[in-house]
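Trainee:
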Amino acid sequence: MPTQEQDFKVTIHWLESSRAQRVLVLLEELNLKYDIQAYKRDKDGLAPSELQNIHPLGKSPTVVIETPNEQPLVLAESATEEWMRFRYFSHYIEGSLMSLLGIAAVIRNIQNAPVPFFIKPITRMISGKISESFLDPNFKRHFNFLESQLASSPNHGEYLARENLTVADIMIVFPLQAAIEWAGLSKGTHPKLHDYLQRMAARESSRKAEKRIVEATGSFKPVF
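Residues 1 to 224 in the UniProt record's numbering are what the sequence shown spells out, letter by letter.
(1) Identify every run of the alpha helix (DSSP H) within the stretch 82 to 147, keeping only runs that are complete inside it and at least 4 residues long; order them along the chain.
(2) With DSSP as the reference, please indicate the residues paired to H55 in a beta bridge.
(3) Leaving aside the five residues before and after R19 along the sequence, list all residues of the same chain whose C-beta is less than 7 Å from its C-beta, in chain order.
(4) On the DSSP bridge assignment, give the partners of V10 in chain order.
(5) Are at least three pairs of beta-carbons, each pair with one atom in the stretch 156 to 176 and one in the stretch 20 to 38, less than 8 Å apart?
(6) Alpha carbon to alpha carbon, how far is V10 from L26?
(7) Relative to the alpha-carbon of M125, which residue among E70, M98, E94, I107 has its alpha-carbon at the smallest distance?
(8) Less than 6 Å between C-beta atoms, sequence neighbours within five positions excluded: which residues of the same chain meet that for I65?
(9) Distance, Cα to Cα, S17 vs A179?
(10) Leaving out the 5 sequence neighbours to the left and right, which residues in its chain are closer than 7 Å to S131 when beta-carbon positions are compared?
(11) Is the beta carbon of Y39 less than 8 Å from the beta carbon of L51?
(12) Tell me which residue opens and which closes the beta strand (DSSP E) that I36 is part of.
(13) Does the stretch 131 to 144 come into contact with the stretch 55 to 62, if we say contact requires no fewer than three beta-carbon pairs (one atom in each stretch) closer than 8 Å?
(14) If you reduce the DSSP assignment to three classes, tell me which class V25 lands in.
(15) Under the three-state reduction of DSSP, which class applies to V214: helix, strand or coil?
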């Protein structure tokens with residue numbers, strides 16, 4: 001519980017199956033009260049146009065902070081150096097790992113596309129070649145790197161960057177959850193990385209954030 005009453009209101013504009021969940025976890029870690037405005041993805045998997053009413057680019061998560069005497073402050077999450085000023089891992093997560101996962105998501109959609117049966121062998125061949133020649137070796141390289149970083153991190157790999165929790169630990173949960181679904185990450189291939197994800201997902205803040213989403217939407221699915 002917060003140690004003192006908040007004199008401001010925080011509203012999270014949350015998109016299902018997105019990185020928005022990590023903002024909720026961060027607010028739970030900070031013991032801040034917040035409200036959730038939840039959005040479902042359109043049938044094409046994209047964010048609904050309603051989000052553009054909050055931010056011109058339709059970004060999620062978008063955080064709206066309201067105080068009694070000021071205009072609401074609207075913050076759209078960004079991981080650029082100028083805005084977040086995170087250390088190496090924060091930039092790595094967005095600039096390298098998520099870019100690769102984005103390609104994997106596209107390839108996954110190609111594999112599962114509702115095309116005529118005589119076209120499906122072609123789409124599967126194309127997506128398979130891209131996965132085999134580009135995605136698989138790159139994912140292996142990234143996962144090996146993260147596995148080694150956990151092995152050499154302070155506190156025996158409890159956290160990614162320091163002896164205590166940082167925002168980088170919260171940011172990397174979604175990419176690792178996506179990697180399990182899309183890139184074959186498993187306890188058998190990368191045990192330290194897999195166990196690290198389980199610890200992060202088991203934190204009280206993560207459970208509270210998931211509970212809030214279930215209360216708001218009826219269900220919670222980390223990735224689509």
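We put the beta carbon where it would ideally sit given N, CA and C, even for glycine. Every value quoted in this text rests on a predicted model; they were computed, and no experiment measured them.
Mentor: Concretely, from the data shown:
(1) 88 to 92, 98 to 111, 120 to 130
(2) None, per the DSSP bridge assignment.
(3) F174
(4) I65
(5) yes
(6) 13 Å
(7) I107
(8) F8, V10, L73
(9) 14 Å
(10) I107
(11) yes
(12) 35 to 39
(13) no
(14) helix
(15) helix
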